[in-house]
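These notes are about the structure you will find just below.
Residue numbers (my numbering): 1219 to 1807.
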């Protein structure tokens, strides 16, 4: 039956005519016209739960890049009556991309041209999204020249779909420079969170003349909210977030009908960013939160048969000046509009300490199940861990019918940080473990020449994926470190106590064989605030063309505090290099 459905889907796509999207301006009003009909974007960022998105009244999704094959996603969207804004990912200077590097910029251009050629005739295509927050402060003309070059190529290759350049908020001279340097950008895409209610007003005040689309919006980010005395941001309850989505949509999107072409709510799914629940409209298990109900209402979709629970307040008896082992109480006030019986799950997590914007990948934070001594639907007694540091207590309220509400409160335990004792084996990378305790976030050396794909499907050692590493330079050196927490070089607590592990093992192969790579762990020295307790290295390994297992013995190494769990590094070898990694883990024989 599934194969019949798949064949029918492919057939419907093949028979469909390519879409034509025009940007019309009449009497001072901007409007998208798709296949001859006015089109207001009621979109979401994310690729999950598309059936629900369509039932909710949504009509579009966006991607942030076109590296993976988007054909199945485009086909699925088309079958549901959804369109897709296809993102063309552009390098970020904060990640090391250099817009004065001609080779790097040329590579971006070639990838963009390949995407234009591959997808321009798909009937689900709505627009081309040129970049996403690549502009930093917006002051580098080279970035804008690169954006406009790719926008111009989009028009040359595909005159039937407009271009939108996606920027982060409106600070500095971003609006001025995108109008000055980017004549081939049709629409300004704005990612905004705390400023969603005033985004249209502020855009016009900064001289915005092109139409705009809100390409990401949601509750205030962790960089925008009030903080505790120790710097931990307070997160809204999911119920308050739902109201924020509603108010922001009315003011920032519907409030400027002459120049706003629609929006993409973020995120139609779940994402670890700052906390486990900050930007998502769903929990990790797919349970709906109140924002889904709100977006269904504003989009004009089918009213949900069941309402979400409402979480009014989560209070702690004490949140600061706490000692290891202290016991605190939490009080919860929640209700259900449908009078459904509620169940509450209480979870204590280590706080990430990662509060900057940017959306970089973050690993999930460890949980402490034994900390919940006693709990009910309205209260919990919590015994704090024996380690100092920041924590968050979460209360998940479920109605048993697929809807939930969630809140958390930060707290601080005094004393020295002690990493969690690892349960072996510890997966650094394996099938399905990309969100493990260590994140491959520490790029070193000639970073602009590094390309790493953790979902490569080309001949993995096991499962369906492996890591593909490309170094596109004949000289200099480069490397990537797996860090805990992500993007930290020893300023924040994290890591694991890996005592008991006997080997760090992994599988590797070279594309041609003979690629020389060094593998190591524990690179943070005593000059770091939170250094690694030990280190190990396999120096200048000459890879074979076929998969081979490598084992780094750990006997005699202090593994009590390992923050950098794995790293690779190489020197330029006169040509571009490609190698693969899989099943990276700490094991006990």
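Just so you know, even glycine gets a beta-carbon here, dropped at the ideal spot from N, CA and C. Being a predicted model, the structure only gives us computed values, none of them experimental.
Quick test of your reading: residue i and residue j, contact by CB under 8 angstroms. State the CB separation rounded to the nearest angstrom.
{"i": "residue 1569", "j": "residue 1610", "result": "5 angstroms"}
{"i": "residue 1343", "j": "residue 1237", "result": "6 angstroms"}
{"i": "residue 1513", "j": "residue 1272", "result": "Wrong, their Cβ atoms sit about 12 angstroms apart, outside the cutoff."}
{"i": "residue 1277", "j": "residue 1301", "result": "6 angstroms"}
{"i": "residue 1494", "j": "residue 1440", "result": "That belief does not hold up - the Cβ atoms of residue 1494 and residue 1440 are roughly 12 angstroms apart, past 8 angstroms."}
{"i": "residue 1436", "j": "residue 1484", "result": "5 angstroms"}
{"i": "residue 1354", "j": "residue 1311", "result": "5 angstroms"}
{"i": "residue 1644", "j": "residue 1714", "result": "7 angstroms"}
{"i": "residue 1695", "j": "residue 1795", "result": "Rounded, the Cβ-Cβ distance is 12 angstroms, inconsistent with contact."}
{"i": "residue 1384", "j": "residue 1347", "result": "6 angstroms"}
Do you know offhand how far residue i's Cα is from residue j's?
{"i": "residue 1800", "j": "residue 1642", "result": "17 angstroms"}
{"i": "residue 1481", "j": "residue 1357", "result": "26 angstroms"}
{"i": "residue 1536", "j": "residue 1264", "result": "37 angstroms"}
{"i": "residue 1229", "j": "residue 1296", "result": "Model confidence at residue 1229 stands at a pLDDT of 47, short of 50, so the residue's coordinates are unreliable; what they give is reported in the following sentence. The alpha-carbon atoms of residue 1229 and residue 1296 are separated by roughly 12 angstroms."}
{"i": "residue 1382", "j": "residue 1332", "result": "18 angstroms"}
{"i": "residue 1766", "j": "residue 1685", "result": "14 angstroms"}
{"i": "residue 1633", "j": "residue 1709", "result": "16 angstroms"}
{"i": "residue 1676", "j": "residue 1361", "result": "33 angstroms"}
{"i": "residue 1524", "j": "residue 1757", "result": "59 angstroms"}
{"i": "residue 1797", "j": "residue 1663", "result": "18 angstroms"}
{"i": "residue 1379", "j": "residue 1240", "result": "7 angstroms"}
{"i": "residue 1698", "j": "residue 1658", "result": "6 angstroms"}
{"i": "residue 1520", "j": "residue 1736", "result": "56 angstroms"}
{"i": "residue 1806", "j": "residue 1730", "result": "32 angstroms"}
{"i": "residue 1654", "j": "residue 1776", "result": "22 angstroms"}
{"i": "residue 1406", "j": "residue 1504", "result": "32 angstroms"}
{"i": "residue 1534", "j": "residue 1602", "result": "13 angstroms"}
{"i": "residue 1793", "j": "residue 1693", "result": "8 angstroms"}
{"i": "residue 1187", "j": "residue 1656", "result": "Only positions 1219 to 1807 of the chain appear in this structure, which leaves residue 1187 out of reach."}
{"i": "residue 1410", "j": "residue 1462", "result": "13 angstroms"}
{"i": "residue 1254", "j": "residue 1421", "result": "28 angstroms"}
{"i": "residue 1604", "j": "residue 1752", "result": "23 angstroms"}
{"i": "residue 1329", "j": "residue 1375", "result": "13 angstroms"}
{"i": "residue 1590", "j": "residue 1778", "result": "26 angstroms"}
{"i": "residue 1377", "j": "residue 1790", "result": "41 angstroms"}
{"i": "residue 1341", "j": "residue 1402", "result": "23 angstroms"}
{"i": "residue 1542", "j": "residue 1588", "result": "14 angstroms"}
{"i": "residue 1674", "j": "residue 1288", "result": "14 angstroms"}
{"i": "residue 1256", "j": "residue 1245", "result": "15 angstroms"}
Should residue i and residue j be called a contact, given that it needs their Cβ atoms to be closer than 7 angstroms?
{"i": "residue 1498", "j": "residue 1508", "result": "no"}
{"i": "residue 1560", "j": "residue 1595", "result": "yes"}
{"i": "residue 1623", "j": "residue 1433", "result": "no"}
{"i": "residue 1742", "j": "residue 1804", "result": "no"}
{"i": "residue 1681", "j": "residue 1573", "result": "no"}
{"i": "residue 1823", "j": "residue 1303", "result": "As displayed, the chain neither begins before 1219 nor continues past 1807, which places residue 1823 out of reach and without an answer."}
{"i": "residue 1612", "j": "residue 1700", "result": "no"}
{"i": "residue 1470", "j": "residue 1438", "result": "no"}
{"i": "residue 1614", "j": "residue 1563", "result": "yes"}
{"i": "residue 1548", "j": "residue 1630", "result": "no"}
{"i": "residue 1314", "j": "residue 1661", "result": "yes"}
{"i": "residue 1349", "j": "residue 1308", "result": "yes"}
{"i": "residue 1809", "j": "residue 1720", "result": "Outside the displayed range of the chain (1219 to 1807) lies residue 1809, so it cannot be described from this structure."}
{"i": "residue 1734", "j": "residue 1760", "result": "yes"}
{"i": "residue 1490", "j": "residue 1627", "result": "no"}
{"i": "residue 1260", "j": "residue 1517", "result": "yes"}
{"i": "residue 1281", "j": "residue 1299", "result": "no"}
{"i": "residue 1617", "j": "residue 1558", "result": "yes"}
{"i": "residue 1810", "j": "residue 1754", "result": "Any question about residue 1810 goes unanswered here, given that the chain covers just 1219 to 1807."}
{"i": "residue 1506", "j": "residue 1621", "result": "yes"}
For a cutoff of 7 angstroms on Cβ pairs, would you count residue i as touching chain D?
{"i": "residue 1672", "result": "Going by chain labels, chain D is absent from the structure shown, which holds only one protein chain."}
Practice item. Please specify which runs of the alpha helix (DSSP H), each continuous and at least 4 residues long, are wholly inside the region 1661-1728, giving them in chain order. Key: Those alpha helix (DSSP H) runs which fall completely within the region 1661-1728 and span 4+ residues do not exist here.
Exercise for review: Determine contact between the region 1394-1405 and the region 1360-1374, defined as no fewer than three beta-carbon pairs at a distance below 8 angstroms.
Suggested key: Under the Cβ criterion (8 angstroms, minimum of three pairs), the region 1394-1405 counts as touching the region 1360-1374.
Review point. Is there contact between the region 1684-1699 and the region 1664-1675, where contact requires at least three CB pairs shorter than 8 angstroms?
Key: As far as the Cβ criterion goes, the region 1684-1699 touches the region 1664-1675, which means the pair count is three or higher.
Exercise for review: For the region 1445-1464 and the region 1607-1627, state whether three or more C-beta atom pairs, one from each stretch, are separated by less than 8 angstroms.
Suggested key: Taking a cut-off of 8 angstroms for Cβ pairs, the region 1445-1464 and the region 1607-1627 touch, as three or more such pairs fall below it.
**Study point:** Touch test, the region 1462-1482 against the region 1428-1443, Cβ-Cβ under 8 angstroms, three pairs minimum
**Key:** Touching, yes, given that three or more Cβ pairs across the two stretches are closer than 8 angstroms.
Check your understanding: Where in the region 1289-1354 do unbroken runs of the beta strand (DSSP E), each at least 3 residues long, occur, reported from the N-terminal end onward?
Key -> Every beta strand (DSSP E) of 3 residues or more that sits fully in the region 1289-1354 is shown, in chain order, as 1301-1306, 1343-1350.
**Study point:** Sufficient close CB pairs (3 or more, under 8 angstroms) joining the region 1697-1711 to the region 1767-1774
**Key:** Segments in contact, no.
Practice item. Decide if the region 1515-1529 is in contact with the region 1546-1557; the criterion is three or more beta carbon pairs, one per stretch, under 8 angstroms apart. Key: Cβ pair count under 8 angstroms is three or more, so yes.
Practice item. Mind listing, in chain order, the continuous beta strand (DSSP E) runs of no fewer than 3 residues lying wholly within the region 1465-1550? Key: If only complete runs of 3 or more residues are kept, the region 1465-1550 shows the beta strand (DSSP E) at 1478-1483, 1528-1534, in order along the chain.
Check your understanding: Can you list the beta strand (DSSP E) stretches of 3 or more residues lying completely in the region 1558-1631, in chain order?
Key -> Those beta strand (DSSP E) runs which fall completely within the region 1558-1631 and span 3+ residues are 1561-1568, 1590-1593, 1597-1601, 1607-1616, 1622-1631.
Point to revise | Length-filtered (3 minimum) beta strand (DSSP E) runs lying within the region 1754-1793 | key: Fully contained in the region 1754-1793 are the following beta strand (DSSP E) runs of length 3 or more, in chain order: 1754-1760, 1766-1771, 1782-1789.
Practice item. Taking only runs that begin and end inside the region 1428-1461, name each unbroken alpha helix (DSSP H) of 4 or more residues, in chain order. Key: List check, alpha helix (DSSP H) in window: nothing returned.
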